[in-house]
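Notes follow once the structure below has been shown.
Protein chains in written order, with the UniProt record's numbering: chain A, 1 to 372; chain B, 1 to 326.
Right under this line is the structure:
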């Protein structure tokens, strides 16, 4: 068996970090960030609000209102940091856990719930937010992101004021053929794409050493582009590293792989039971590195926010949670004939025939009931 | 009118589509300088450049996956899968992504991607180069599946497929690539609809349903049957999904007998769907059960055996004879 020294409580030396778990600002030779107090408070607010939405969704699932939910607990900094590095022109391709990125892209959190409630397979227009639909098949979206980036190249939109794509995936996904093919494509075509891997240490029950013998960010060198490992629980570092990678990609310097070293503090999904495969001590160690607490500590210590601010954000979070809950419960079930909608873009005879036949079948019930 | 091989007709069709719409791209393995292993994309990269005719890395999932991304950005990619047996690495992208993404978006997204697949046997090739995987794709909702059988259709159908806003799996009968026929390259707006079947030889005694490479085989069988005094009607299905059930039923109701011919294995093949539909639609007109001629329910054999595997004139006529024994 191969032991992976990169996993565990000790932060590996190559980790880019700008804010320690204790809330101390530290310097890094290659990455820096200059944030106004207002910007830092805004990041804090993002982190708290997305955690609250996530918490509400878990509760909704426990109460039977959602079929399943994939919690982002613990990964807020990776998602908010990278999500806030994007410009409007950039395009993001998520997995099914990117609720924080969705928040940054302006997607209504309630729209995320449709998929998990079972009323649709994806409830938003990707072009409206430059945020693609959640992709459930592991790694498939990496190729879509690279293809989209090739489209950006063909539109002449690389260079000054250029655009890039960012694609999210997890540590488990790095074993998928599609992810490796996407690395090859991006490299060969020098596509403006940032690969943002949230290494949350666990692919359901399988720890990282089942996926890789080397730190994931080092995979990039074999494909011919830079890789960097960032403290995924440090929102400053995630923002700085992603900004740099996106700037490089937009200006035509090609792809970058970012490994955000983080931890899935919750279960894989609400159907999962992590007590069967990991020890409580590991979770406790990571709790000390919580992505929100360190920003709070930094704001507090540096007197950039007072208690009133924190209370205000908490109140806003509670209100958001209530609103998400209310509108989730109001989400109507689709009509039965919606099964046939949008399967094809252009008219399709078989859909028309089957829709009509099914409508006729259903109307038979109405007649019977009406006749009683 | 001009005389073209089926391969050249596809080439000219793609060229026309690329001239008409700058968003049309061609991508695949060896499609650029080489012009594809069957030369179907010959000369396109020279005339349209490497940005529009893309030699891709050697990975089929990557071809279709990046084509999806390009389509999301507003392009209309035409992917070449080099051989039928190599489509399977791309099957996940085709089935879970290409076919379902428009539905997943509740209609916000469209994916005008064409996946060209040279299909079928008869060229003496090694394993994985002679297969007929159409039933995998007809069974996948969200895809349109078409098969051309002759140069004139090839020229029009490839352009129609490229213009279509749905993903289209486009089967090309590889052993007919070199067949020549007159093609009217001027009749763009009078094209026969992409989703309609066509009677390519009228007859009165038996309906033969075929598509792709088997259309020619059936036409030869009909010519031979005529000498024996039997009149076979050949319907070229052209579109497998959606299926032109009305045209099929109209023919079978007239003839009362039907033989389905395809290269793919009979068991679980597309012919089963045809037989079931015809039975439902034409029950009172049928003089005999719908019979199927196809490959045995085995993997495609080594090429020295393929003449025994592939339906030929004699096997088609044998089935026609059986249709008169009920």
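The beta carbon of each residue, even a glycine, is placed where N, CA and C say it ideally should be.
Note that this is a predicted model, so its numbers are computed, not measured.
Judged by DSSP secondary structure, residue 247 of chain B falls within the alpha helix (DSSP H) whose first and last residues are 245–255. C-alpha of residue 26 of chain B to C-alpha of residue 181 of chain A: approximately 19 Å in a straight line. With fewer than 16 neighbouring CB atoms inside 10 Å of its own CB, residue 1 of chain B falls in the exposed class.
Counting every other CB atom within 10 Å of its CB across the protein chains shown gives residue 198 of chain A a total of 16 or more, marking it as buried.
Of the residues assessed, residue 298 of chain B falls on the exposed side of the cut-off, its CB having fewer than 16 other CB atoms within 10 angstroms. Residue 74 of chain B and residue 42 of chain B have their C-alpha atoms spaced approximately 25 Å apart. Among the bridge pairs identified by DSSP, residue 236 of chain B is matched with B:198 and B:210. At least one C-beta of chain A is nearer than 8 Å to the C-beta of residue 110 of chain B. The CB of residue 126 of chain A comes closer than 7 Å to the CB of 105, 108 and 109 in chain B, given here in chain order. Beta bridge pairing from DSSP links residue 170 of chain B with B:116 and B:146.
In the displayed model, residue 283 of chain A falls within a helix according to three-state DSSP. For residue 64 of chain A, no chain B residue has a C-beta closer than 8 Å to its own C-beta; the minimum C-beta separation is roughly 24 Å. With fewer than 16 other CB atoms across the displayed protein chains lying within 10 angstroms of its CB, residue 271 of chain A is exposed. Listed in chain order, the non-local C-beta contacts of residue 112 of chain A below 7 Å within the same chain comprise 99 and 102, local neighbours out to five positions each way being set aside. By the neighbour-count criterion, in which a residue is buried when 16 or more other Cβ atoms sit within 10 angstroms of its Cβ, residue 47 of chain B is exposed.
Following the DSSP letters along the chain, one finds residue 83 of chain A inside the alpha helix (DSSP H) bounded by residues 76–83. In summary, residue 280 of chain A is exposed, with fewer than 16 beta-carbon neighbours lying within 10 Å of its beta-carbon over all protein chains present.
Within a 10 Å sphere around the beta-carbon of residue 250 of chain A sit 16 or more other beta-carbons, which makes this residue buried.
In chain order, 346 make up the part of chain A whose C-beta sits under 7 Å from the C-beta of residue 164 of chain B. Chain B has no Cβ within less than 8 Å of the Cβ of residue 55 of chain A.
Restricting attention to A:235, A:94 and A:92, the CA atom closest to the CA of residue 260 of chain A is found in A:235. Boundaries of the beta strand (DSSP E) around residue 168 of chain A: 165–170.
Between the stretch 134–144 of chain B and the stretch 144–163 of chain A, the count of Cβ pairs shorter than 8 Å is below three; the stretches do not touch. In the DSSP secondary-structure assignment, residue 27 of chain B is bridged to B:54 and B:79. Taking a 10 Å sphere around the C-beta of residue 34 of chain B, we find fewer than 16 other C-beta atoms and assign the residue as exposed.
Proximity of the stretch 211–222 of chain B to the stretch 186–203 of chain B meets the contact definition, three or more beta-carbon pairs being nearer than 8 Å. Annotation: the stretch 99–180 of chain A contains the following complete segments of the beta strand (DSSP E) (minimum length 3 residues), in chain order: 165–170. Of all residues in the stretch 42–73 of chain B, those with a C-beta nearer than 7 Å to a C-beta of chain A are 51, 57, 59, 61, 62, 65, 66, 67, 68, 69, 70, 72 and 73, reading in chain order.
A Cβ-Cβ contact shorter than 8 Å links residue 151 of chain B with residue 6 of chain B. For the C-beta of residue 181 of chain A, the chain B residues within less than 8 Å are, from N- to C-terminus, 57, 59, 61, 62 and 65.
Rounded to whole angstroms, the separation of the alpha carbons of residue 179 of chain B and residue 213 of chain B is 11 Å. For residue 165 of chain B, the closest C-alpha among the options B:77, B:258, B:10 and B:301 is that of B:77. Taking the CA atoms as reference points, residue 254 of chain B sits about 16 Å from residue 320 of chain B. When rounded, the separation of the alpha-carbon atoms in residue 106 of chain B and residue 327 of chain A is 19 Å. If you ignore the 5 residues before and after residue 337 of chain A, its C-beta comes within less than 7 Å of the C-beta of 355, 358 and 359, all in its own chain and listed in chain order.
Considering only B:185, B:158, B:154 and B:191, the residue with the shortest C-alpha distance to residue 176 of chain B is B:154.
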